[in-house]
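Engineer:
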Amino acid sequence: MSDFLDAYSIQTWLESCPQGYLEGTDYGHAPDEREPGSMLENELLLEQAIQSTVQLVVGERCALAASSGLINLAPDQASKRFLATQTLDEARHVEIFTRRLHDLGVSKADLESTIERYANPHLVKFAEVLLEKLDKGDFVAGVVGQNIVLEGMAFSVFEMMKASNEATNPKFAHTLAGTIADERRHVGFGENRIGSLIKQYPERKSDVEKMQKDMSYHMLATFSRAFSENTAAMAEGQRLAAESGAGRSEWHGTDLSKATPKEMEAVLADTVLKEFKVRLDRIGLEYQTPAQP
Ligand SMILES: [Fe+2]
Ligand SMILES: [Fe+2]
49 MSDFLDAYSI
59 QTWLESCPQG
69 YLEGTDYGHA
79 PDEREPGSML
89 ENELLLEQAI
99 QSTVQLVVGE
109 RCALAASSGL
119 INLAPDQASK
129 RFLATQTLDE
139 ARHVEIFTRR
149 LHDLGVSKAD
159 LESTIERYAN
169 PHLVKFAEVL
179 LEKLDKGDFV
189 AGVVGQNIVL
199 EGMAFSVFEM
209 MKASNEATNP
219 KFAHTLAGTI
229 ADERRHVGFG
239 ENRIGSLIKQ
249 YPERKSDVEK
259 MQKDMSYHML
269 ATFSRAFSEN
279 TAAMAEGQRL
289 AAESGAGRSE
299 WHGTDLSKAT
309 PKEMEAVLAD
319 TVLKEFKVRL
329 DRIGLEYQTP
339 AQP
């Protein structure tokens with residue numbers, strides 16, 4: 049327990065995060081970095097950037113609601129303190145992605161209507177399954193749903209977005225780098241804390257496994273809609289990146305600078321589901337295959 053206390057303490061968080069990789073950043077990126085003009089001036093690309101950033105805000109608002117709700121449900125003090133740091137991380141994620149929407153030209157007055165207009169309905173469903181567990185006061189399901197499923201998904205989505213923005217949009221890639229470091233910590237906590245709880249409450253397994261299956265279904269439906277909706281913008285983004293001389297952007301064996309939306313969807317779904325399996329196995333849960341949406 050003492051390693052756990054050290055690794056997930058507020059002291060460690062302060063040193064590694066605000067005084068570490070976030071030091072000197074402005075809303076997660078270097079103060080002089082801006083969204084590229086070639087994207088801001090291209091209607092198709094701008095709309096796609098707004099649309100995909102809305103999904104990040106929706107996901108992070110869910111993580112903020114879930115992590116803050118988990119503080120009072122946590123059975124031990126060390127978990128409460130870690131979840132307090134996570135709550136601030138998630139609030140920051142909501143803030144930096146909201147800030148990006150403003151950088152993309154969404155006014156403060158139009159923020160909520162823009163989010164409502166573009167939010168992927170499957171992602172909204174995904175969040176509802178998790179927040180329902182929180183409403184019922186279910187800590188075990190809440191941690192698995194948030195720190196394994198939601199954050200496992202976020203982690204891979206951020207990594208993929210970072211890989212495809214690295215050459216063309218360093219500002220956004222740097223914003224994502226900080227959130228990836230945060231999500232890595234959150235997923236680590238989930239695995240470390242929940243393994244012992246599952247052993248303690250084996251009767252909770254089937255219920256938690258069913259939630260994972262439901263959430264995974266809505267996640268795959270989210271990906272399917274996101275990639276099929278944006279075919280034209282993705283091709284346009286690849287065309288502009290090639291024109292600007294950006295080379296390959298390899299992610300899990302797929303060159304994102306050339307891949308079709310179908311190929312991108314496949315590598316993302318495959319990566320996330322593989323990681324779910326590994327993580328669930330480590331905490332003593334059996335991965336349940338969702339239906340194909
Ligand atoms: Fe987050
Ligand atoms: Fe997180």
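Quick note: the sequence shown uses our numbering, first residue 49, plus one each step.
The beta carbon of each residue, even a glycine, is placed where N, CA and C say it ideally should be.
Please state if the CB of Thr-216 and the CB of Ala-289 are separated by a distance shorter than 7 Å.
Structural biologist: For this step, residue 289 is matched to residue 241 along the sequence shown. For this step, residue 216 is matched to residue 168 along the sequence shown. Their beta carbons are under 7 Å apart, which means Ala-289 touches Thr-216 by this criterion.
Engineer: Return helix, strand or coil for Glu-334, following the three-state DSSP convention.
Structural biologist: By one-based count along the sequence shown, residue 334 stands at place 286. DSSP places Glu-334 in coil when its eight states are reduced to three.
Engineer: Go ahead and label Asp-230 buried or exposed: buried means 16 or more other beta carbons lie within 10 angstroms of its beta carbon, across all protein chains shown.
Structural biologist: Working through the sequence shown from its first residue, we reach residue 230 at position 182. That one is buried.
Engineer: Any heavy atom of ligand 1 inside 6 Å of the beta-carbon of Ala-314?
Structural biologist: Reading the sequence shown from its first residue, position 266 is the one you call residue 314. No, the Cβ of Ala-314 stays beyond 6 Å of every heavy atom of ligand 1.
Engineer: Which residue wins for smallest C-alpha separation from Thr-270, given the options Pro-341, Ser-244 and Lys-306?
Structural biologist: The residue labelled residue 270 in the question sits at position 222 within the sequence shown. That would be Pro-341, whose Cα lies nearest to the Cα of Thr-270.
Engineer: Applying the criterion that 16 or more other CB atoms from any shown protein chain within 10 Å of the CB defines a buried residue, is Lys-210 buried or exposed?
Structural biologist: Locating residue 210 in the sequence shown gives position 162, counting from the first residue. Buried, by the Cβ-count rule.
Engineer: Can you find the residues in the same chain that come closer than 6 Å, C-beta to C-beta, to Ser-100, ignoring five residues on each side of it along the sequence?
Structural biologist: Residue 100 sits at position 52 when you count from the first residue of the sequence shown. Taken in chain order, the list of residues that qualify is empty.
Engineer: On the three-state DSSP scale, how would you describe His-300?
Structural biologist: Mapped onto the sequence shown, residue 300 falls at position 252. Per DSSP, reduced to three states, the secondary structure at His-300 is coil, with no helix or strand assignment.
Engineer: Beta carbon of His-141: closer than 6 Å to some heavy atom of ligand 1?
Structural biologist: What you label residue 141 is simply residue 93 of the sequence shown in a count that begins at 1. Yes; taking the cut-off as 6 Å, the Cβ of His-141 has a heavy atom of ligand 1 nearer than that.
Engineer: Rounded to a whole number of angstroms, what is the C-alpha to C-alpha distance between Val-106 and Gly-295?
Structural biologist: Residue numbering aside, residue 106 sits at position 58 when the sequence shown is read from its first letter. Residue numbering aside, residue 295 sits at position 247 when the sequence shown is read from its first letter. Their backbone Cα atoms lie some 31 Å apart in a straight line.
Engineer: Per the contact definition of three or more C-beta pairs closer than 8 Å, is the stretch 230-244 in contact with the stretch 164-184?
Structural biologist: no
Engineer: Rounded to whole angstroms, how far is the Cβ of Ser-276 from the Cβ of Pro-309, which I believe are closer than 8 Å?
Structural biologist: One-based indexing of the sequence shown puts residue 276 at position 228. One-based indexing of the sequence shown puts residue 309 at position 261. Sure, about 7 Å apart at Cβ, within 8 Å.
Engineer: According to the Cβ coordinates, are Arg-327 and Ile-196 closer than 7 Å?
Structural biologist: One-based indexing of the sequence shown puts residue 327 at position 279. One-based indexing of the sequence shown puts residue 196 at position 148. In contact: Arg-327 and Ile-196 (Cβ atoms closer than 7 Å).
Engineer: Starting from Glu-214, follow the alpha helix (DSSP H) in both directions and report where the run begins and ends.
Structural biologist: Walking along the sequence shown from the start, residue 214 turns up at place 166. For Glu-214, there is no enclosing alpha helix (DSSP H), as DSSP gives it neither H nor E.
Engineer: Measuring from the CB of Ala-351, is there a heavy atom of ligand 1 at a distance below 6 Å?
Structural biologist: With the chain covering only 49 through 341, there is no way to say anything about residue 351.
Engineer: Determine, using beta carbons only, whether Tyr-75 and Gly-226 come nearer to each other than 7 Å.
Structural biologist: Against the sequence shown, residue 75 aligns to sequence position 27. Against the sequence shown, residue 226 aligns to sequence position 178. Contact flag unset, no.
Engineer: With a threshold of 6 Å (Cβ to nearest heavy atom), would Ala-269 be considered close to ligand 1?
Structural biologist: In the sequence shown, the residue the question calls residue 269 occupies position 221. Checking every heavy atom of ligand 1 against the Cβ of Ala-269, none is found closer than 6 Å.
Engineer: Can you tell me where the alpha helix (DSSP H) holding Gly-295 begins and where it ends?
Structural biologist: What you label residue 295 is simply residue 247 of the sequence shown in a count that begins at 1. It is not in any alpha helix (DSSP H) - Gly-295 carries neither H nor E in the DSSP assignment.
Engineer: List the whole-angstrom C-beta distance separating Val-344 from Ser-204, where the pair is believed to meet the contact cut-off of C-beta under 8 Å.
Structural biologist: Outside the shown range of the chain (49 to 341) lies residue 344, about which nothing can therefore be said.
Engineer: So the candidates are Ile-144, Ser-86, Phe-174 and Ser-127; which of them puts its Cα closest to the Cα of Ser-57?
Structural biologist: Here residue 57 is taken as the residue at index 9 of the sequence shown, counted from 1. Of the candidates Ile-144, Ser-86, Phe-174 and Ser-127, Ser-127 places its Cα closest to the Cα of Ser-57.
Engineer: When you compare only the Cα positions, how much space is there between Leu-88 and Gly-153?
Structural biologist: Reading the sequence shown from its first residue, position 40 is the one you call residue 88. Reading the sequence shown from its first residue, position 105 is the one you call residue 153. Using only the alpha carbons, I get a separation of about 9 Å.
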